[in-house]
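Data first, discussion second: the structure below is written as structure tokens.
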Amino acid sequence: MSRIEIVQFPYLSDNYGVLLHDSHTQQTVAIDAGEDTAYNQALDSKGWRLSQIWVTHHHWDHTDGINALYERWQCNVIGPAKHSANPISHLSTGLEEGDIFQFADMPVEILHTPGHTLDMINYCLPSENILFAGDTLFSLGCGRVFEGTMDMMSQSVNKISALPDETIIYCSHEYTQANGKFALSVEADNQMLISRINEVELLIKQGKPTIPTNLKLEKQTNPFLRTSSPAIRNKLGLKNASEAELFAALRAAKDNF
Ligand code: ZN
Ligand code: FE
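Going from the sequence shown to the numbering used here is simple: count from 1 and add 77.
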């Protein structure tokens, strides 16, 4: 049995926070920290003490809670080595592509996935087949390209796509339903997509999260992982475009959807 216990909880209007707990060492990690209240509630309800925060990128909805959590827990703050205009407070370890560190005797591998921001990193636990994807990949969608280029974002999404199909993907926002509407608009006949959208509707109605997702499902349904789909290419009138061109066209179409 895995030593790891994972708790996911909503905060702000559509963010997800995650706690990762190691039962052997009683160490607990928070993935991002856009506010402190929801994180402290989740910690207190489990009786866990916060030892580390793993920051994906500098946006406020992922970092605004760091100061208060640091004050209470004196935790280590780990995050992107690449500095942005808003440096991450209390950062003690800066990480970049290919870096590996240990948590709960498991390797944690860093993927640099720029595009949404330049500093974005994702945390991969290969032994557990888990990826914390921040705002790079969402279920049925991907992050908006704010700081990087379309090419960069396309490569970042491809980097995630190259992970094993079984990878469980925790993304930072509940955007699945809105993403599904766009996905359907570019690939109306995708039966897997239609059944995922129906499942998502039901989950939302029941007040349940649609996250985590998994890579196999996303490859079957997420247009940003399906840039070679003939149906999507036809729909956009870009039959012979490169994957990167198709990605850019899809991202632009989604921005205006
Ligand atoms: Zn963001
Ligand atoms: Fe965000």
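Even glycine gets a Cβ: it sits at the ideal position worked out from N, Cα and C. Predicted model, so just to flag it, every value in this text is computed and none were measured.
In the structure shown, D99 adopts extended strand secondary structure according to DSSP, grouped into three states. The beta carbons of D212 and H250 sit closer together than 9 Å.
If you look at N163, you'll find it isn't in any alpha helix (DSSP H); DSSP assigns it neither H nor E.
With a cut-off of 8 Å on Cβ pairs, the region 86 to 104 is in contact with the region 251 to 265, counting three or more such pairs. Apart from sequence neighbours up to five positions away, the residues of its chain that approach S231 with a beta-carbon distance below 6 Å are A321 and F324, ordered along the chain. Proximity to L240 across L292, E205 and C248 peaks at L292, based on C-alpha coordinates. Proximity of the beta carbon of H135 to the ligand FE is not indicated: no heavy atom of the ligand is located closer than 8 Å. At the C-beta level, N299 and A260 come within 9 Å of one another.
A direct Cα-Cα distance of roughly 39 Å separates D99 from Q268.
Leaving aside the five residues that flank S161 on each side, the residues in its chain whose CB is nearer than 7 Å to its CB run, in chain order, H135, T194, L195 and D196. It is roughly 43 Å from the alpha-carbon of R126 to the alpha-carbon of F334. At the C-beta level, E112 and G142 come within 9 Å of one another. Between S122 and W150, the C-beta gap is not smaller than 9 Å, which leaves the two residues out of contact.
When DSSP states are grouped into helix, strand and coil, F86 belongs to the strand group. If you look at F259, you'll find it in the alpha helix (DSSP H) that goes T253 to V263. In this structure, L96 sits near T105, with a CB-CB distance shorter than 9 Å. Rounded to whole angstroms, E224 and G192 show a C-alpha spacing of 6 Å.
In the three-state reduction of the DSSP assignment, E243 falls in the coil class.
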